[in-house]
Amino acid sequence: MKNIILITAILLLTSCATSEFTKIKNNSEQSKLETAHAKKLMLGTWCGQHTDEDGSISQSTVNRFKDGTYQIDFKEKNKNGVEESWAEFGIWGIRLPIYFTVLQGFIENEQPYLANTEDSSLYDAYKVVELTESVFTYDSYTSGNRFTITRQCSD
Numbered sequence: 054m055k056n057i058i059l060i061t062a063i064l065l066l067t068s069c070a071t072s073e074f075t076k077i078k079n080n081s082e083q084s085k086l087e088t089a090h091a092k093k094l095m096l097g098t099w100c101g102q103h104t105d106e107d108g109s110i111s112q113s114t115v116n117r118f119k120d121g122t123y124q125i126d127f128k129e130k131n132k133n134g135v136e137e138s139w140a141e142f143g144i145w146g147i148r149l150p151i152y153f154t155v156l157q158g159f160i161e162n163e164q165p166y167l168a169n170t171e172d173s174s175l176y177d178a179y180k181v182v183e184l185t186e187s188v189f190t191y192d193s194y195t196s197g198n199r200f201t202i203t204r205q206c207s208d
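Spelled out as structure tokens, the structure:
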């Protein structure tokens, strides 16, 4: 009788463990599909604009490419009307719910300058809040800042 109870208990525990493993595996496959879809949505050109408390306006245009590279062009106009522009380039990726970037360099006066990739501040991770065909909102894990960019770009 003890053997029957022991065998029954082992079978029950084994079937529960198998069931949990299957759930994890299925969730992993679903997560991979969702991440692949998110990556496709993120490709191409996205734009954002922000007005600071002092009245300066910052605009950004990011282009993400299939090969995992990106370039962001920045334009800033201070409250006195003085404009400044520059660009950053690097690599990006996504594994929902995390979006990340690694800044590899800057472009100033059409000249690329490599960044010191040993600088940990050049590595950023974000939590994806919303991602549709037209809106992308994400929160910075380090600063807590929220960013929203759209497909609607203006000059």
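Start counting the sequence shown at 54; every next residue gets the next number (my numbering). Cβ coordinates follow ideal geometry from the N, Cα and C atoms, glycine included.
Length of the line joining the Cα atoms of residue i and residue j
i	j	result
E106	K132	10 angstroms
L96	N116	7 angstroms
Q102	Q112	4 angstroms
I77	N169	Caution applies to I77, whose pLDDT of 41 falls short of 50 and renders its modelled position unreliable; the value that the coordinates give is listed next. Taking the straight line joining both Cα atoms gives about 39 angstroms.
I110	I151	28 angstroms
T201	D177	16 angstroms
S174	S81	30 angstroms
T185	K85	17 angstroms
D126	E137	11 angstroms
E183	A91	10 angstroms
G197	E163	32 angstroms
G121	R148	13 angstroms
L167	G146	20 angstroms
A89	G134	42 angstroms
K93	Y179	17 angstroms
Beta-carbon gap between residue i and residue j smaller than 9 angstroms
i	j	result
Q124	F153	no
Y194	V181	no
F189	W99	yes
W139	E171	no
R199	S187	no
T114	C206	yes
Beta-ladder partner(s) of residue i, from DSSP
i	result
P165	I160
S138	K128
G101	S113
G146	F153
Contacting residues, own chain, Cβ-Cβ under 6 angstroms from residue i (five flanking each side not counted)
i	result
V155	G143, I144 and Y176
Q83	none
Own chain partners of residue i with C-beta closer than 7 angstroms, once the 5 adjacent residues on each side are dropped
i	result
G108	K132
Neighbourhood of residue i by C-beta distance below 8 angstroms, restricted to the same chain and skipping five residues each side
i	result
D118	The amino acid occupying residue 118 in the given sequence is Phe; Asp does not appear at that position. Once the five neighbours on either side are set aside, the close Cβ partners of F118 are L96.
E129	S109, I110, S111, Q112, E136, E137 and S138
Enumerate, from N- to C-terminal direction, the unbroken beta strand (DSSP E) stretches of 3 or more residues contained entirely within the stretch 169-199.
176-184 and 188-193, all fully within the stretch 169-199.
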